[in-house]
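Student: So that we are looking at the same thing, I have put the structure below in structure tokens.
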Amino acid sequence: MMIRHRLRMAAAGMVLAILASGCGGADPKSHARVAVSGTVTLDGQPLDNAVILFVPLPEVNGPTASAGIVEGRFQLSAEAGPVAGKHRVQIESNDHGGIAPDDEAALAEMAAGKRKLPKTVKIPAIYNSRSKLEETIAADSPNEFTFELVTRK
């Protein structure tokens, strides 16, 4: 009886030791998000009604972060920003004009002529689906970026 109790206690201790060894260990800063901001122009003009995405490269463990681009500016706080490390940058048109497809009130205003859909700018695929843009997000310095896009070569 006493031996069974000791075996159970030893087994429970081993399980707890194994579980505890898997906790902690990671650097808490490895997934810390950081603030980013910057400007985006298209053919020399401030880009409007678009979205910028910071997609972590495979060696960077973290989520994709995105922000709207309004009048050529974007900004992400540290709470919503990307993690530090190297990212692929995608800049995409906001094809829905800033109106959610399920926003019945906005759609009704458009149908009644009280609201117009903002002009959608066509951004070349080399800046979005086929983007080669890359930036390194620093954990401890300002992350201010400038992207100068061109539609013609």
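Letter by letter, the sequence shown follows residues -26 to -1, 1 to 127 of mature numbering (1 follows the signal peptide of the UniProt record, and there is no 0).
Positions of the beta carbon are idealized from the N, C-alpha and C atoms, including for glycine.
What you are looking at is a predicted structure, and each value in this text was computed from that prediction instead of being measured.
Can you look up leucine 123 in the DSSP assignment and give me helix, strand or coil?
Tutor: Residue state, collapsed to three classes: strand.
Student: What does the Cβ neighbour count give for asparagine 117, buried or exposed, with the cut at 16 atoms within 10 Å?
Tutor: Buried is the call here.
Student: So, are the CB atoms of serine 105 and arginine 62 less than 7 Å apart?
Tutor: Yes.
Student: Pull up the distance between the alpha-carbon of glycine 55 and that of asparagine 102, whole angstroms please.
Tutor: So the alpha carbons of these two residues sit roughly 19 Å apart.
Student: Determine the DSSP secondary structure at glutamate 78, reduced to helix, strand or coil.
Tutor: Of the three classes helix, strand and coil, the one that applies to glutamate 78 here is helix, per DSSP.
Student: Exposed or buried, what is leucine 50 when buried is set at 16 or more other beta-carbons lying within 10 Å of its beta-carbon?
Tutor: It is buried - the Cβ of leucine 50 has at least 16 other Cβ atoms within 10 Å.
Student: Can you give me the Cβ contacts of isoleucine 15 inside the same chain, cut-off strictly under 7 Å, excluding the 5 residues immediately before and after it?
Tutor: Reading off the sequence, residue 15 comes out as threonine, not isoleucine. Taken in chain order, the residues that qualify are Leu21, Gly46, Glu122 and Leu123.
Student: Looking only at C-alpha atoms, which of Ile43, Gly59, Ala79 and Ile97 sits nearest to valine 8?
Tutor: Measuring from the Cα of valine 8, the nearest candidate turns out to be Gly59.
Student: Quick one: what's lysine 60 bridged to in DSSP?
Tutor: DSSP, once it has assigned bridges, lists Thr110 as partnering lysine 60.
Student: Output the distance between the C-alpha atoms of threonine 13 and glutamate 78, rounded to the nearest integer angstrom.
Tutor: Straight-line Cα distance between these residues: approximately 32 Å.
Student: With DSSP as the reference, please indicate the residues paired to threonine 15 in a beta bridge.
Tutor: Answer by DSSP bridge pairing, in chain order: Pro20 and Glu122.
Student: Can you give the Cα-Cα distance for threonine 125 and leucine 31, rounded to whole angstroms?
Tutor: Roughly 26 Å separates the two Cα atoms.
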